[in-house]
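Reviewing the structure listed below.
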Ligand code: UD1
Ligand code: CA
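In the working numbering, the protein residues as written are 22 to 450.
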């Protein structure tokens, strides 16, 4: 069903204050680029169209945003040169269509919640024809934001950019977040009237609400209660602050789902990780995007799970174990000083301390398969590609070369590892 909404995401800026060559909106936040979080906000509005304005790093920003948008096609518009946020929307005007309303989001505001956006749209809708909705907040430190200037009765007058503020205006605590809901027709009519007669010589989108007031149209503000949502990312330090807030949200969601996180302060779990109920996550653990953890598992302390890791139910990974692109089957354990790379481990297998699956020969990565009920002795090195069938045992320090040719139930010891005859194996076991 048509929602009558177009969302425009502004992501053309260079992000000079990051002092980085990478376009600002591509900096990662909990496992995905800033712009991906904003795309998710846009999708929450079930918009008929999502327009993305790109400029700096356009060739990378567009695809990253499209990946986050999944099957929703983004209309990508290139703004070149970048003459301000108002100019960005001017450039996108043809792609906006003729919607009832236009929501504008800035690509550097990853923390905004879908509920707050819905509130803004509802407020704009309730304020009558031609209304503008502006999201505001009162952060602890208003520096860097445009200020909300109000009249004697507290009525909205205009937004003044910090660099254009008088001393008195600088003291205003209420700031503009850069999130707006415009009436579609009014926006298209007003856009060409923006001027760049200001301290930065830019076309400010922030001038539009003031223009609406002059024309006698209603402007409503929605004041964000949780000012953390308001944090724009302009500097590396602000990126770190935003990461902190986002991380807390992700951990909260897992805890609500019954994941026991012993120490949230030292637990890093990126976006989109699946974790089953009853799993225990111990301190100093980092779990990347693209990891799936079953129920009743134990992870950590000091564990690093990278993309492509699957822990089946009741699997355990512990101290200084790193996994990448690997599966650890139900009830299997790799509890100490182990690297599992490109390895598929079956159920109820024990991977001894200090085991390395040597997956890289200097040119290519290779896979190893380990069966069920395998006992890998401490300090084993398995050279990939390899196969350790069900019920195999390796002695401590074994180096299992590619040509080992193990059969189910075999015991292999030594360097390079050789098969122990059955009787000797029984004595050793
Ligand atoms: C902007 C607002 C300010 C608000 C703050 C909230 C304006 C003029 N100012 O300031 O009132 O308090 O956000 O975080 O809007 N962009 C383009 N094209 C351009 C310029 C910018 O696409 O020509 C994009 C940037 O990539 C960025 C967003 O617009 O994602 C905001 O630009 P930025 O320079 O960060 O604006 P602020 O100075 O933070
Ligand atoms: Ca900004």
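By construction, the Cβ of each residue, glycine as well, lies at the ideal position given by its N, Cα and C atoms.
Every value quoted in this text rests on a predicted model; they were computed, and no experiment measured them.
Requested in this report: Examine ligand 2 and report whether any of its heavy atoms sits within less than 6 angstroms of the Cβ of residue 185.
Outcome: Your numbering for residue 185 matches position 164 in the chain shown. No, the beta carbon of residue 185 sits no closer than 6 angstroms to any heavy atom of ligand 2.
**Report entry** residue 210, enclosing alpha helix (DSSP H) - first and last residue
**Finding:** Taking the first residue of the chain shown as position 1, residue 210 is located at position 189. Its alpha helix (DSSP H) spans residues 205–211.
Query - Cα-Cα separation between residue 31 and residue 240, rounded to whole angstroms - result: In the chain shown, the residue the question calls residue 31 occupies position 10. In the chain shown, the residue the question calls residue 240 occupies position 219. Going from the Cα of residue 31 to the Cα of residue 240 covers about 22 angstroms.
Requested in this report: Taking residue 275 as part of the beta strand (DSSP E), name the residues at either end of that continuous run.
Outcome: For the purposes of this step, residue 275 is identified with residue 254 of the chain shown, where counting begins at 1. Taken as a continuous stretch (DSSP letters only), residue 275 belongs to no beta strand (DSSP E), being part of the alpha helix (DSSP H) at 257–277.
Query - 7 angstroms Cβ shell around residue 279 - same chain, five flanking residues per side excluded - result: Within the chain shown, numbered from 1, the residue matching residue 279 stands at position 258. These residues qualify, in order along the chain: 298, 299.
Query - Inter-residue Cα distance where the pair is residue 204 and residue 70 - result: Along the chain shown, one-based indexing puts residue 204 at 183. Along the chain shown, one-based indexing puts residue 70 at 49. Residue 204 and residue 70: Cα-Cα distance of roughly 15 angstroms.
Query raised in the report: Are residue 406 and residue 387 closer than 7 angstroms when you measure CB to CB?
Result: Translated into positions along the chain shown, residue 406 becomes position 385. Translated into positions along the chain shown, residue 387 becomes position 366. Contact: yes.
Query raised in the report: Going by the beta-carbon positions, is the gap between residue 368 and residue 358 smaller than 7 angstroms?
Result: Position 347 of the chain shown, counting from 1, holds the residue named residue 368. Position 337 of the chain shown, counting from 1, holds the residue named residue 358. In this structure, residue 358 does not lie closer than 7 angstroms to residue 368 by Cβ.
Requested in this report: Could you please go through the chain and list the residues whose beta-carbon is closer than 5 angstroms to any non-hydrogen atom of ligand 2?
Outcome: 129, 253, 255
Query raised in the report: Thinking C-alpha only, which one of 293, 291, 301, 271 is nearest residue 281?
Result: Sequence index remark: in the chain shown, residue 281 carries index 260 (1-based). For residue 281, the nearest C-alpha among the options comes from 301.
Report task. Please confirm whether any heavy atom of ligand 4 lies closer than 6 angstroms to the CB of residue 63. Result -> Looking at this structure, you won't find ligand 4 anywhere; what it does contain is ligand 1 and ligand 2.
**Report entry** Opposing strand residues paired with residue 305 [DSSP bridges]
**Finding:** Residue mapping note: residue 305 aligns to position 284 of the chain shown, counting from 1. Answer is none; residue 305 lacks a bridge partner.
Report task. Identify whether residue 38 lies in helix, strand or coil by the three-state DSSP scheme. Result -> On the chain shown, residue 38 is found 17 positions in, with the first residue counted as 1. If DSSP states are grouped into helix, strand and coil, residue 38 belongs with the helices.
Query raised in the report: By a C-beta neighbour count over all protein chains shown, 10 Å radius and 16 as the cutoff for buried, is residue 150 buried or exposed?
Result: Taking the first residue of the chain shown as 1, we reach residue 150 at position 129. The residue in question, residue 150, is exposed, as its Cβ has fewer than 16 Cβ neighbours within 10 Å.
Query raised in the report: Looking at residue 82 and residue 100, is the spacing between their C-beta atoms short of 7 angstroms?
Result: Within the chain shown, residue 100 is the residue found at index 79, counting from 1. Within the chain shown, residue 82 is the residue found at index 61, counting from 1. Going by C-beta atoms, residue 100 is not nearer than 7 angstroms to residue 82.
Query - Beta-carbon proximity of residue 132 to residue 59, cut-off 7 angstroms - result: As a working note, residue 132 is residue 111 in the chain shown. As a working note, residue 59 is residue 38 in the chain shown. No, Cβ-Cβ distance for residue 132 and residue 59 is not below 7 angstroms.
Requested in this report: Using three-state DSSP, classify residue 54 as helix, strand or coil.
Outcome: Along the chain shown, read from residue 1 onward, the residue named residue 54 stands at position 33. Residue state, collapsed to three classes: strand.
**Report entry** Near ligand 1: residue 294 beta-carbon under 6 angstroms from a heavy atom
**Finding:** Locating residue 294 in the chain shown gives position 273, counting from the first residue. The answer is no for residue 294.
Query raised in the report: So, helix, strand or coil for residue 77, using DSSP?
Result: Residue 77 sits at position 56 when you count from the first residue of the chain shown. Correct three-state label for residue 77: coil.
Report task. Assuming residue 267 and residue 50 form a contact by the criterion Cβ under 8 angstroms, report the distance between their Cβ atoms to the nearest whole angstrom. Result -> As a position in the chain shown, residue 267 is number 246, starting the count at 1. As a position in the chain shown, residue 50 is number 29, starting the count at 1. Residue 267 to residue 50, Cβ: 6 angstroms. Contact.
Query raised in the report: Taking the beta strand (DSSP E) that residue 231 falls in, what are its first and last residues?
Result: Working through the chain shown from its first residue, we reach residue 231 at position 210. First-last for residue 231: 228–235, but that is the alpha helix (DSSP H), not the beta strand (DSSP E).
Query - Rounded separation between residue 141 and residue 372 - CA only - result: Within the chain shown, the letter at position 120 stands for residue 141. Within the chain shown, the letter at position 351 stands for residue 372. If you take the alpha carbons of residue 141 and residue 372, they lie about 54 angstroms apart.
Requested in this report: Decide if residue 34 is buried, meaning its Cβ has at least 16 other Cβ atoms within 10 Å, or exposed.
Outcome: Numbered from its first residue, the chain shown carries residue 34 at position 13. It counts as buried.
Report task. Using 6 angstroms as the cut-off, classify the Cβ of residue 74 as near or not near the heavy atoms of ligand 1, replying yes or no. Result -> Working through the chain shown from its first residue, we reach residue 74 at position 53. Yes, ligand 1 has a heavy atom inside 6 angstroms of this Cβ.
Query - Other residues of its chain near residue 44: CB distance less than 6 angstroms, five sequence neighbours each side excluded - result: Position 23 of the chain shown holds residue 44. The answer, listed in chain order, is 77, 78, 82.
Query raised in the report: To which residues of the same chain is residue 160 closer than 8 angstroms at the C-beta, ignoring the five residues directly before and after it?
Result: Here residue 160 corresponds to residue number 139 of the chain shown, with the count starting at 1. These residues qualify, in order along the chain: 166, 196, 248, 251, 252.
Report task. Look up residue 181 in the DSSP assignment and say whether it is helix, strand or coil. Result -> Counted from its first residue, the chain shown places residue 181 at position 160. Three-state result, residue 181: strand.
Report task. Just the C-alpha distance for residue 3 and residue 263, rounded to the nearest angstrom, thanks. Result -> Outside the modelled stretch of the chain, which goes from 22 to 450, sits residue 3, for which no answer is possible.
Report task. Quick one: grab the DSSP three-state call for residue 402. Result -> Residue 402 sits at position 381 when you count from the first residue of the chain shown. Correct three-state label for residue 402: strand.
Report task. Can you tell me which of the three DSSP states residue 290 falls into? Result -> What you label residue 290 is simply residue 269 of the chain shown in a count that begins at 1. Looking at residue 290 - three-state DSSP - the assignment turns out to be strand.
Requested in this report: Look at the alpha carbon of residue 55 and the alpha carbon of residue 345, and state the distance between them as a whole number of angstroms.
Outcome: Taking the first residue of the chain shown as 1, we reach residue 55 at position 34. Taking the first residue of the chain shown as 1, we reach residue 345 at position 324. Near 24 angstroms, if we compare the C-alpha coordinates of residue 345 and residue 55.
Query raised in the report: If you count every other CB in all the chains shown that lies within 10 Å of the CB of residue 436, and 16 or more means buried, which is it?
Result: As a first step, residue 436 must be located in the chain shown, where it is residue number 415. Exposed.
Requested in this report: May I ask you to report which of helix, strand or coil DSSP gives residue 112?
Outcome: Position 91 of the chain shown holds residue 112. Residue 112: helix per DSSP, three-state reduction.
Query raised in the report: Assuming residue 138 and residue 124 make a contact with CB atoms under 8 angstroms, what is their CB distance in whole Å?
Result: Looking up residue 138 in the chain shown gives position 117. Looking up residue 124 in the chain shown gives position 103. Rounded, the Cβ-Cβ distance is 7 angstroms, consistent with contact.
Report task. Would you mind working out which of 422, 426, 416, 420 sits nearest residue 432, comparing C-alpha positions? Result -> As a position in the chain shown, residue 432 is number 411, starting the count at 1. It is 416.
Query raised in the report: Excluding sequence positions up to five away, which residues of its chain have a Cβ less than 8 angstroms from the Cβ of residue 157?
Result: Here residue 157 is taken as the residue at index 136 of the chain shown, counted from 1. For residue 157, same chain residues with a beta-carbon under 8 angstroms away, outside a window of 5 residues either side, are 169, 195, 196, 197, 198, 242, 243, 244, 245 in chain order.
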